[in-house]
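Engineer: The structure under discussion is supplied below as structure tokens; questions concerning it will follow.
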Amino acid sequence: MTIQTAFTYITGAISELYDEREAANIAHIVMEYLTGMSKLDRIVHKTKILSPDQNQRLKIAIEALQRHEPVQYITGTSWFYGMELVVNKNVLIPRPETEELVEWMVQDAADRHRLHLLDVGTGSGCIPLALKKSLPAAHVSAIDVSEGALEVARSNASRQRLEVNFHLMDALDPAQLATLPEFDMIVSNPPYITQSEQKTMQELVWGFEPSLALFVPDNDALLFYRHISIMAQQKLFPGGALYFEINEALGKEVVALMEELGYKEVTLKQDMFGKDRMVKGRRI
-15 MTIQTAFTYI
-5 TGAISELYDE
5 REAANIAHIV
15 MEYLTGMSKL
25 DRIVHKTKIL
35 SPDQNQRLKI
45 AIEALQRHEP
55 VQYITGTSWF
65 YGMELVVNKN
75 VLIPRPETEE
85 LVEWMVQDAA
95 DRHRLHLLDV
105 GTGSGCIPLA
115 LKKSLPAAHV
125 SAIDVSEGAL
135 EVARSNASRQ
145 RLEVNFHLMD
155 ALDPAQLATL
165 PEFDMIVSNP
175 PYITQSEQKT
185 MQELVWGFEP
195 SLALFVPDND
205 ALLFYRHISI
215 MAQQKLFPGG
225 ALYFEINEAL
235 GKEVVALMEE
245 LGYKEVTLKQ
255 DMFGKDRMVK
265 GRRI
């Protein structure tokens, strides 16, 4: 099978699962993963024959895609903020919307000299690594309850040659959080999807990404926002800011919670798709 016929084979095999454009994007990702060649190189060498090993990996990749497995878990990598990060089933796949949250923080920190930053529930480490990349003088820390996630995050920090301090810690345990120092900015993209919402989600999300990082009980959708907001009131320096990525359906509720807990200048911000996606509040 040639590079060109392999590309066509992939798009045809997943045509019932994805529209034409998305199927082509996925096929390009798989072909780069298989061949190590850029899109331009694959066009130039489109008649090159795949090796037996590449053919076998192609078969495995297509079978995984047909099971709705995200292509990022198949290739083991995902791009975020200009960085190619390792991902596996211990961590969520970084989303473009989260890049907007990082950019918001970077803009707010542009004129700051002393900066101590904390990411709560770091997963792949995408947020603290992007912050450290943009704010190299900052002291950046991150916590997660999953040792598997922290292994991925530490691997990504090593690959990107960025210094971030990662710690195993439960965001719902006040005793553990009490050991943290103080910070200028705290950020979190916590679990925020209610279990009842799972029914409306695509299987490629809930079927493969870690439920620990996705779901909260139906009767307490603000569970993590409340715990983290209470912690941040104690751990933010005066004037420090707390940033959240949020469930688009819970924007007003998160704002009300933060205001009730004493945060000032609470701001709800939309993402590139016009959906309520980020909230910032300041400790006075």
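If you count by this note's numbering, then the sequence shown holds residues -15 to 268, one letter each, in order. Cβ coordinates follow ideal geometry from the N, Cα and C atoms, glycine included.
Only counting the same chain, and skipping five residues up and downstream in sequence, which positions put a Cβ closer than 6 Å to that of E81?
Structural biologist: The count along the sequence shown starts at 1 and reaches residue 81 at position 97. Excluding residues within five positions, the ones whose Cβ falls inside 6 Å are D255, R261.
Engineer: What number of angstroms, rounded off, separates the C-alpha of H52 from the C-alpha of A94?
Structural biologist: Within the sequence shown, residue 52 is the residue found at index 68, counting from 1. Within the sequence shown, residue 94 is the residue found at index 110, counting from 1. Rounded to whole angstroms, H52 to A94 spans 41 Å at the Cα level.
Engineer: Specify, as a first and last residue, the run of the alpha helix (DSSP H) that H211 falls within.
Structural biologist: Reading the sequence shown from its first residue, position 227 is the one you call residue 211. 207 to 219 is the span of the alpha helix (DSSP H), which, as asked, contains H211.
Engineer: Under 9 Å, do P175 and L207 count as touching if we go by C-beta distance?
Structural biologist: Position 191 of the sequence shown, counted from the start, is the residue given in the question as residue 175. Position 223 of the sequence shown, counted from the start, is the residue given in the question as residue 207. Cβ distance < 9 Å, so P175 and L207 count as in contact.
Engineer: Going straight from the alpha carbon of E279 to that of G107, what length do you get?
Structural biologist: This structure cannot speak to residue 279, because the chain is shown only from -15 to 268.
Engineer: With H, G and I counted as helix, E and B as strand and the rest as coil, what does DSSP make of T(-5)?
Structural biologist: Within the sequence shown, residue -5 is the residue found at index 11, counting from 1. Of the three classes helix, strand and coil, the one that applies to T(-5) here is helix, per DSSP.
Engineer: How close, in whole Å, do the beta carbons of M(-15) and N39 come, if the pair is a contact with beta carbons under 8 Å?
Structural biologist: Within the sequence shown, residue -15 is the residue found at index 1, counting from 1. Within the sequence shown, residue 39 is the residue found at index 55, counting from 1. Indeed, because the Cβ distance is near 6 Å, the residues count as touching under 8 Å.
Engineer: Under the three-state reduction of DSSP, which class applies to E81: helix, strand or coil?
Structural biologist: As a position in the sequence shown, residue 81 is number 97, starting the count at 1. In the structure shown, E81 sits in a helix (DSSP, three-state: H, G or I).
Engineer: Whole angstroms is fine: what's the gap from P165's alpha carbon to G60's?
Structural biologist: Here residue 165 refers to the residue found at position 181 when the sequence shown is read from its first residue. Here residue 60 refers to the residue found at position 76 when the sequence shown is read from its first residue. The alpha-carbon atoms of P165 and G60 are separated by roughly 34 Å.
Engineer: Output needed for R26: all residues of its chain with C-beta closer than 7 Å, excluding positions within five of it in sequence on either side, in chain order.
Structural biologist: Against the sequence shown, residue 26 aligns to sequence position 42. Counting only Cβ-Cβ distances below 7 Å, and skipping sequence neighbours, we find I(-13), M15, T19.
Engineer: Which whole runs of the alpha helix (DSSP H) in the stretch 83 to 156 are 4 residues long or more, in chain order?
Structural biologist: Counting whole runs of 4 or more residues, the stretch 83 to 156 contains the alpha helix (DSSP H) stretches 110 to 118, 131 to 144.
Engineer: Looking at the secondary structure, which residues open and close the beta strand (DSSP E) in which D267 lies?
Structural biologist: Position 283 of the sequence shown, counting from 1, holds the residue named residue 267. Just to set this straight, residue 267 is Arg in the shown sequence, not Asp. Looking at the DSSP string, R267 is not in any beta strand (DSSP E), and its letter there is neither H nor E.
Engineer: Hey, out of I33, D154, D168, whose CA is closest to H97's CA?
Structural biologist: On the sequence shown, residue 97 is found 113 positions in, with the first residue counted as 1. For the residues I33, D154, D168, the minimum Cα distance to H97 belongs to D168.
Engineer: Using three-state DSSP, classify K259 as helix, strand or coil.
Structural biologist: Taking the first residue of the sequence shown as 1, we reach residue 259 at position 275. Note: K259 maps to coil in three-state DSSP.
Engineer: Do D103 and A126 have their CB atoms nearer than 9 Å?
Structural biologist: Looking up residue 103 in the sequence shown gives position 119. Looking up residue 126 in the sequence shown gives position 142. Their beta carbons are under 9 Å apart, which means D103 touches A126 by this criterion.
Engineer: Looking only at C-alpha atoms, which of P78, A122, Y57 sits nearest to W63?
Structural biologist: Working through the sequence shown from its first residue, we reach residue 63 at position 79. If we check each option's Cα against that of W63, P78 comes out closest.
Engineer: Hey, G114 and V86 are a contact pair by Cβ (cut 8 Å); roughly how many whole angstroms apart?
Structural biologist: Counting from 1 along the sequence shown, the entry for residue 114 is found at position 130. Counting from 1 along the sequence shown, the entry for residue 86 is found at position 102. Contrary to the premise, residue 114 reads as Ala rather than Gly in this sequence. Yes, they are in contact, since the Cβ atoms of A114 and V86 sit about 5 Å apart, within 8 Å.
Engineer: Measuring straight from C-alpha to C-alpha, what distance separates F228 and A133?
Structural biologist: Position 244 of the sequence shown, counted from the start, is the residue given in the question as residue 228. Position 149 of the sequence shown, counted from the start, is the residue given in the question as residue 133. Taking the straight line joining both Cα atoms gives about 20 Å.
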